[in-house]
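*Asks:* If you count by the numbering used here, then the sequence shown holds residues 11 to 89, one letter each, in order. Backbone N, C-alpha and C fix where the C-beta goes; we use that ideal spot for every residue, glycine too. Please read all numbers here as calculations on a predicted model, not as lab measurements. Sending over a structure as structure tokens; questions will come in a sec.
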Amino acid sequence: MHFFYGDRAELYDVAERLERPGWQEVELARGADDFRLVATKITDLLDNSVSEMMADVEQALSGLNVTYDGWETSIEKPN
Numbered sequence: 011m012h013f014f015y016g017d018r019a020e021l022y023d024v025a026e027r028l029e030r031p032g033w034q035e036v037e038l039a040r041g042a043d044d045f046r047l048v049a050t051k052i053t054d055l056l057d058n059s060v061s062e063m064m065a066d067v068e069q070a071l072s073g074l075n076v077t078y079d080g081w082e083t084s085i086e087k088p089n
């Protein structure tokens with residue numbers, strides 16, 4: 011999960027820019043002082059995959075006044 015904070019309109023822009031294979035908008039909610047967008051991307055944690063994921067985030071934030079608060083992951087065993 012990736013966490014973004016800022017103006018509602020700009021978070022909609024981030025969500026739109028993350029409309030790529032593998033990305034899902036999970037939640038856009040009002041916080042105490044601003045809005046929050048939580049987006050997920052299901053991927054493996056290979057170096058190349060993480061680099062591509064972070065490039066997507068950087069492109070989504072380009073030119074916007076949105077705070078990116080980082081990401082967290084869950085580990086799942088393959089079936």
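#1: Just mark A49 as buried or exposed, buried being the case when its beta carbon has 16 or more other beta carbons within 10 Å.
#2: Alpha carbon to alpha carbon, how far is L21 from M64? Give it in angstroms, no decimals.
#3: To test your reading of the DSSP string, which unbroken beta strand (DSSP E) runs of 3 or more residues are found completely within the region 33-79?
#4: Quick one: residues in its chain with C-beta nearer than 6 Å to the C-beta of M11, no 5 flanking neighbours on either side, listed in chain order?
#5: Could you check whether R46 and Y15 sit closer than 7 Å to each other, using their CB atoms as the reference points?
#6: Are the CB atoms of T53 and S61 nearer to each other than 7 Å?
#7: Considering only the beta carbon of each residue, do V24 and V76 sit closer than 7 Å?
#8: Sorted by chain position, which residues of the same chain lie with C-beta nearer than 7 Å to G32's C-beta, five sequence neighbours on each side aside?
*Replies:* Taking the definition as stated:
#1: In the sequence shown, the residue the question calls residue 49 occupies position 39. Buried, because 16 or more other Cβ atoms sit within 10 Å of the Cβ of A49.
#2: As a first step, residue 64 must be located in the sequence shown, where it is residue number 54. As a first step, residue 21 must be located in the sequence shown, where it is residue number 11. Cα-Cα distance, rounded: 17 Å.
#3: 33-40 and 45-51
#4: In the sequence shown, the residue the question calls residue 11 occupies position 1. For M11, where only same-chain residues beyond five positions count, the Cβ hits under 6 Å are V48, T50 and E82.
#5: Numbered from its first residue, the sequence shown carries residue 15 at position 5. Numbered from its first residue, the sequence shown carries residue 46 at position 36. Yes, Cβ-Cβ distance for Y15 and R46 is below 7 Å.
#6: Taking the first residue of the sequence shown as position 1, residue 53 is located at position 43. Taking the first residue of the sequence shown as position 1, residue 61 is located at position 51. Not a contact, by the Cβ cut-off of 7 Å.
#7: In the sequence shown, residue 24 corresponds to position 14, counting from 1. In the sequence shown, residue 76 corresponds to position 66, counting from 1. Against a cut-off of 7 Å, the Cβ pair of V76 and V24 comes out as a contact.
#8: Numbered from its first residue, the sequence shown carries residue 32 at position 22. Excluding positions up to five away in sequence, the list reads K51, I52 and T53.
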